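> Numbering (my numbering), first residue to last: 14 to 239. Every residue, glycine too, gets a C-beta built ideally from N, C-alpha and C. The structure presented is a predicted model; accordingly, all values stated were derived computationally and were not measured. Before anything else, here's the structure in question.
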Ligand SMILES: C[S@@+](CC[C@H](N)C(=O)[O-])C[C@H]1O[C@@H](n2cnc3c(N)ncnc32)[C@H](O)[C@@H]1O
C-alpha cells in the first residue's frame, strides 16, 4: 500500500485496490492521474476536512471506490459515506474496495444522485465528483459501461452540468464540493456559474498530466470561513 507524502504529516492513504485485476479495468475506470490528483487534493485539504467533522460524505461516480474509501479512512469512518455510479460494475467494485479497506460505504447504482436528492437536501458536508470530462460527441454518452467513465459530450461538461445546479441545495451550511475538471471544461466558466448560484470557489490543485491540464475545484458557501 503506497502512502502520499506531499506534506510532512501523512494522512491520506491510497486504499488497497489489489483485488481489481486488468480484466476488471475493461469494465470499470482504472485509477489514473485524475484519481491520484484528487487523492492529492484530499491530502491538501485533510486538516480542513477533519476540522469540518462531516456527518454525510457523498461521492458521485465512484468507479473503483478508492476515493470514497480514502475519504472514509481520513475521517476515521465518523460520517455516513455514500457512493453512486451509473455503471453497475463500478458499484460492485466500490463495495469490494470498501470491504477490503474496512470502510463502511453505502453504494448505489443510479444516475448522479437521483433517488437520494430529496433526502440529502441541505445535509451533504463533503461532495466529490470526478466526472466523465473528455470532450466527445454527445451520442457517445449513452453507455452505462466503461465509456461512461470518460465520455463527457460537448465541452466534456454534459454530466457535470447536470449535477452542478443541484449542488447549492445539496450542501449543508458548512458543506463543500470537490470537482475534477480539465481545461477544455472551462474551469473559470464553471466557477463563475457557481458564483451565480451562490457558491464561492477556489482551485485546490492543478497539474499537467500528458495532454490533460487537470484541476481540482472546490465550491463552498462563504469565503469568510475558509
Ligand atoms: C472518471 S471516472 C472516476 C472514477 C473514480 N471516482 C476515480 O476517481 O477513479 C467517472 C465515473 O463516473 C461514472 N459516471 C458517469 N456518468 C455518471 C452518472 N450520470 N451518474 C453516476 N455516475 C456516473 C462513471 O461510470 C465512472 O465510474
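Quick one, are the C-beta atoms of residue 135 and residue 185 less than 8 angstroms apart?
Closer than 8 angstroms, so yes.
> Return the chain-ordered ranges of every beta strand (DSSP E) run that is complete within the segment 60-107 and spans a minimum of 3 residues.
Counting only runs of 3 or more, we get 69-73 and 93-98.
> So residue 189 is in the alpha helix (DSSP H); what residue range does that whole segment cover?
First-last for residue 189: 184-195, but that is the beta strand (DSSP E), not the alpha helix (DSSP H).
> Kindly examine ligand 1 and report whether one of its heavy atoms sits closer than 7 angstroms to the Cβ of residue 75.
True, at least one ligand heavy atom lies under 7 angstroms from that Cβ.
> Take the Cβ of residue 212 as the centre, count every other Cβ of all protein chains shown within 10 Å, and call the residue buried at 16 or more, exposed below.
By the neighbour-count rule (16 or more Cβ atoms within 10 Å), residue 212 is buried.
> Which residues does DSSP pair with residue 212 in a beta bridge?
According to DSSP, which records beta bridges pairwise, residue 212 is partnered with nothing at all.
> Would residue 103 pass as a contact of residue 75 if the rule is Cβ separation under 8 angstroms?
Taking 8 angstroms as the Cβ cut-off, residue 103 and residue 75 qualify as a contacting pair.
> Just verifying my parser: in three-state terms, what is the DSSP assignment at residue 231?
Here residue 231 sits in strand by DSSP.
> Which residue marks the beginning of the alpha helix (DSSP H) containing residue 138, and which one marks its end?
Residue 138 -> not in any alpha helix (DSSP H); beta strand (DSSP E) instead, spanning 137-142.
> In whole angstroms, give me the CA-to-CA distance for residue 111 and residue 221.
One C-alpha to the other measures close to 29 angstroms.
> So, with DSSP's three-state summary, where would you put residue 198?
Three-state result, residue 198: helix.
> I'd like to know whether the C-beta atoms of residue 198 and residue 169 end up nearer to each other than 8 angstroms.
It is a contact, given that the beta carbons lie within the stated cut-off.
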